[in-house]
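A.B. asks: First residue of the sequence shown? That's 2 in the numbering used here, and the numbers climb one at a time after it.
Ideal Cβ positions, reconstructed from N, Cα and C, are used throughout, including at glycine.
Just so it is clear, the structure is predicted and the values come from calculations on it, not from any experiment.
Have a look at this one.
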Amino acid sequence: AHDSTLVSLLAALGHFDDELPPYGASVVFELLHRDDAEDARGGAYAVRVFYNRGVNASDLFQDPLDLCGTRDGTCSLDMFADHFGPVVAA
2 AHDSTLVSLL AALGHFDDEL PPYGASVVFE LLHRDDAEDA RGGAYAVRVF
52 YNRGVNASDL FQDPLDLCGT RDGTCSLDMF ADHFGPVVAA
């Protein structure tokens with residue numbers, strides 16, 4: 002993606018650190034189906050988001066963004082939609 006696209010996306014997610022993303026950077030959204038759909042976080046689906054900081058990054062897909070305060074970086078799909086819906090065009 003272009004740096005301006007990533008800056009806007011990271012800012013909307015609350016994770017822009019005032020530095021332009023390096024060449025080859027990407028934001029990856031992972032949609033997960035939970036087998037334990039009735040867990041405390043609720044919902045059968047969860048979202049996890051990774052910010053890969055360039056083609057030479059050694060931590061690709063290792064450290065998800067903390068969007069919902071969970072240990073594994075997941076948000077229920079409902080929580081993700083409620084929280085970020087206002088900044089996403091329908």
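Taking DSSP as the reference, what is the three-state secondary structure of Ala26?
C.D. replies: Ala26 falls in the coil class under three-state DSSP.
A.B. asks: Between the beta-carbon of Leu32 and the beta-carbon of Leu66, is there less than 8 Å?
C.D. replies: For Leu32 and Leu66, no; Cβs fall outside 8 Å.
A.B. asks: Any idea if Thr75 is buried or exposed, counting beta-carbon neighbours within 10 angstroms, 16 or more meaning buried?
C.D. replies: It counts as buried.
A.B. asks: What does the alpha-carbon distance come out to for the pair Leu78 and Cys69?
C.D. replies: The alpha-carbon atoms of Leu78 and Cys69 are separated by roughly 11 Å.
A.B. asks: Any idea if Val48 is buried or exposed, counting beta-carbon neighbours within 10 angstroms, 16 or more meaning buried?
C.D. replies: Buried, because 16 or more other Cβ atoms sit within 10 Å of the Cβ of Val48.
A.B. asks: Work out the CA separation of Val8 and His84 for me, nearest whole Å.
C.D. replies: Their Cα atoms are separated by approximately 19 Å.
A.B. asks: Once you ignore the five residues that flank Pro22 on each side, which residues in its own chain have a CB closer than 6 Å to its CB?
C.D. replies: Asp4, Leu7, listed in sequence order.
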